[in-house]
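Chemist:
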């Protein structure tokens, strides 16, 4: 390492914390993103946790295999519960929140990949569905913290997939020098579906619009097929118990349905043996029959796709050049066929299981190099602490890129291109405040709208309700459904704060100025100012109403730390 060069910080890893499968990726010495294999050589870990005792758990494929013996102690699809403060999984007398269960998946993933990773897995970027709201994103960060990781950022899954696809173009290496390309990323995973329209150009990825549903995914296709198999079994054995009424039988049937779904992606038909209650029947299923059973599910994803395309069109983006399919469930032939017919552009299955984690690793590498460059410039007095790289002199940045390139095995140009990549994201949900309408009834006033470009800062003035009003309470809400609604019951209350000790003498209608800000990290900040308290603005970093207390966080962190991950 050249004299004066700073020792590089550990690799920033990318993690796809999936509903059904999770994986971890890193950028190798050549600059390519690679998924780090597990101990058995596979790339993905089933996101399944089986509690085998109060202090022991197993994960992954082994948990799936053992689940039939302990069906009440196996937790699956926990990602769908992220952000739900009331949900708990109870096993062996202990209760687990969704972040706590997810942290056990993360711990197992780190443990399984640590032998093959380029360095310690500590600093990470974790992916989330684009349609995740504020509470779900905070829960994901909390899961990483419970697992002992430093979560540098969370990034939307379609954005990560687009990064993995477009990195050659983004780092200045596009082979044909073609102008900006518009891609639709359709991400159908095991438990969520996301659609995003993104613009890709030299060193710039801009999200235009997003839509999705984190309660819809490949697991729903499995469930539809499992119900069909159960009905066929009962038709053959009318006096037998329904497999789906028994925990172990239902678990086995869903796993059989998942295997059949995978086989039907490559074959026109399969025969599924269903065994339960001492009986057996072989159920033939054709691909066409499976597609009829699940047509409604695919229709729903197409509706979401149309909504994302329409939102992009409203923002001036009226073409789709590429359709990229990611997520394991996009292997079903009906998906590509339907989207190709819908959009008139051939749909490409793009590294379906691994693209999201690879994109997160690419973004992590960018974050790592940005941090190292900033540290170098600040240490040398070429940049004031807290300022972005753009405030440093170009010559100082060039010199820092050369020093850093020598330290990490890259050219100065490669360092510069990577840190100059822009990832421009949008707001996933609308946010606003509750106020009284002209009839004196509570109504939601949206200040930040879905698909607004980040960062965003919106200012709005309101008035007090009463003369001599001493306290003003401001309630921040998040869009609750697919569309903004003025009805308070259609929104989710995520925070409230009060301006207190207002001096007397101010009439009704006195101005209250409210500013909502959201940075690149998707975290809201509220500022409110009463004209009588200009020296005391109310500023609060919005914490969701579902955020656990410090005592709950400490208790859960200790509980996670006590349990052992069994691999024997």
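Residue numbers (full-length UniProt numbering): 1 to 568. For each residue, glycine too, the CB sits at the ideal point set by N, CA and C. Since the model is a prediction, treat every value here as computed from it, not as a measurement.
I'd like the list of long-range same chain contacts for residue 472, defined as Cβ closer than 8 Å, with 5 residues on each side in sequence excluded.
Modeler: Residue numbering aside, residue 472 sits at position 472 when the chain shown is read from its first letter. Closer than 8 Å at the Cβ level, and outside the excluded window around residue 472, lie 464, 498, 499, 502, 512, 528 and 530.
Chemist: Starting from residue 241, trace the alpha helix (DSSP H) both ways and give me its first and last residue.
Modeler: The residue you call residue 241 lines up with position 241 of the chain shown. From DSSP, residue 241 is part of no alpha helix (DSSP H); its letter is neither H nor E.
Chemist: Taking the beta carbon of residue 391 as the centre, do at least 16 other beta carbons fall within 10 Å, making it buried, or is it exposed?
Modeler: Along the chain shown, read from residue 1 onward, the residue named residue 391 stands at position 391. Classification of residue 391: exposed, given that the 10 Å Cβ count is below 16.
Chemist: Rounded to whole angstroms, what is the Cα-Cα separation between residue 230 and residue 248?
Modeler: By one-based count along the chain shown, residue 230 stands at place 230. By one-based count along the chain shown, residue 248 stands at place 248. Approximately 14 Å, taken between the alpha carbons.
Chemist: Mind the definition here: the segment 211 to 226 touches the segment 282 to 297 only if three or more C-beta pairs lie below 8 Å; say whether that holds.
Modeler: yes
Chemist: With a CB to CB cut of under 6 Å and the five nearest residues on each side skipped, what residues in its chain are close to residue 39?
Modeler: If you number the chain shown from 1, residue 39 lands on position 39. Counting only Cβ-Cβ distances below 6 Å, and skipping sequence neighbours, we find 112.
Chemist: Could you please give me the residues that DSSP links to residue 426 through a beta bridge?
Modeler: Position 426 of the chain shown, counted from the start, is the residue given in the question as residue 426. According to DSSP, which records beta bridges pairwise, residue 426 is partnered with 453.
Chemist: Report yes if the C-beta distance between residue 347 and residue 323 is below 9 Å; otherwise report no.
Modeler: Translated into the one-based positions of the chain shown, residue 347 becomes position 347. Translated into the one-based positions of the chain shown, residue 323 becomes position 323. If you check the CB distance, residue 347 and residue 323 come in under 9 Å.
Chemist: Where do the N-terminal and C-terminal ends of the alpha helix (DSSP H) with residue 290 fall, by residue?
Modeler: On the chain shown, residue 290 is found 290 positions in, with the first residue counted as 1. Taken as a continuous stretch (DSSP letters only), the alpha helix (DSSP H) holding residue 290 covers 287 to 293.
Chemist: Who does residue 127 pair with in a DSSP beta bridge?
Modeler: Counting from 1 along the chain shown, the entry for residue 127 is found at position 127. Note: residue 127 sits in a beta bridge opposite 155.
Chemist: Which of the three DSSP states, helix, strand or coil, is assigned to residue 333?
Modeler: As a working note, residue 333 is residue 333 in the chain shown. Helix.
Chemist: Of all the options 355, 440, 154 and 257, which has the alpha carbon lying nearest to the alpha carbon of residue 520?
Modeler: Sequence index remark: in the chain shown, residue 520 carries index 520 (1-based). Checked all of 355, 440, 154 and 257; the closest Cα to residue 520 is 154.
Chemist: Which residue marks the beginning of the beta strand (DSSP E) containing residue 206, and which one marks its end?
Modeler: As a first step, residue 206 must be located in the chain shown, where it is residue number 206. Start and end: 204 to 213.
Chemist: What's the call for residue 383, buried or exposed, on a 16-neighbour Cβ count within 10 Å?
Modeler: One-based indexing of the chain shown puts residue 383 at position 383. With 16 or more Cβ atoms within 10 Å of its Cβ, residue 383 is classed as buried.
Chemist: For residue 84, which residues from the same chain have a beta carbon less than 7 Å from its beta carbon, with the 5 sequence-adjacent residues on both sides left out?
Modeler: Position 84 of the chain shown, counted from the first residue, corresponds to residue 84. If we look at residue 84 and ignore the five residues flanking it on each side, its Cβ neighbours are 98.
Chemist: Pull up the DSSP beta-bridge partners for residue 23, would you.
Modeler: Counting from one through the chain shown, the residue named residue 23 turns up at place 23. Residue 23 pairs with 16.
Chemist: Is the beta carbon of residue 305 sitting closer than 9 Å to the one on residue 165?
Modeler: Counted from its first residue, the chain shown places residue 305 at position 305. Counted from its first residue, the chain shown places residue 165 at position 165. The answer is no: Cβ separation not under 9 Å.
Chemist: Quick one: grab the DSSP three-state call for residue 220.
Modeler: Within the chain shown, the letter at position 220 stands for residue 220. Looking at residue 220 - three-state DSSP - the assignment turns out to be helix.
Chemist: For residue 190, is the classification buried or exposed, using 16 other Cβ atoms within 10 angstroms of its Cβ as the cut-off for buried?
Modeler: For the purposes of this step, residue 190 is taken as residue 190 along the chain shown, with counting starting at 1. Buried, by the Cβ-count rule.
Chemist: Are residue 566 and residue 58 touching if we call contact CB-CB under 9 Å?
Modeler: Stepping through the chain shown from its first residue, residue 566 is reached at position 566. Stepping through the chain shown from its first residue, residue 58 is reached at position 58. Yes, the Cβ-Cβ distance between residue 566 and residue 58 is below 9 Å.
Chemist: Output needed for residue 509: all residues of its chain with C-beta closer than 6 Å, excluding positions within five of it in sequence on either side, in chain order.
Modeler: In the chain shown, the residue the question calls residue 509 occupies position 509. Same-chain partners within the cutoff: 463.
Chemist: Which residue comes first and which comes last in the alpha helix (DSSP H) that contains residue 109?
Modeler: For the purposes of this step, residue 109 is identified with residue 109 of the chain shown, where counting begins at 1. From DSSP, the alpha helix (DSSP H) with residue 109 extends over 98 to 113.
Chemist: Less than 8 Å between C-beta atoms, sequence neighbours within five positions excluded: which residues of the same chain meet that for residue 271?
Modeler: For this step, residue 271 is matched to residue 271 along the chain shown. Contacts found: 282, 283, 284 and 285.
Chemist: In or out: residue 47 buried (at least 16 other Cβ within 10 Å) or exposed?
Modeler: Within the chain shown, numbered from 1, the residue matching residue 47 stands at position 47. Classification of residue 47: buried, given that the 10 Å Cβ count is 16 or more.
Chemist: Please go through the same chain and pick out, in chain order, the residues whose beta-carbon is closer than 8 Å to the beta-carbon of residue 455, but skip the five residues on each side of it.
Modeler: Start at 1 with the first residue of the chain shown, and residue 455 comes out as number 455. Same-chain partners within the cutoff: 517, 518, 519 and 520.
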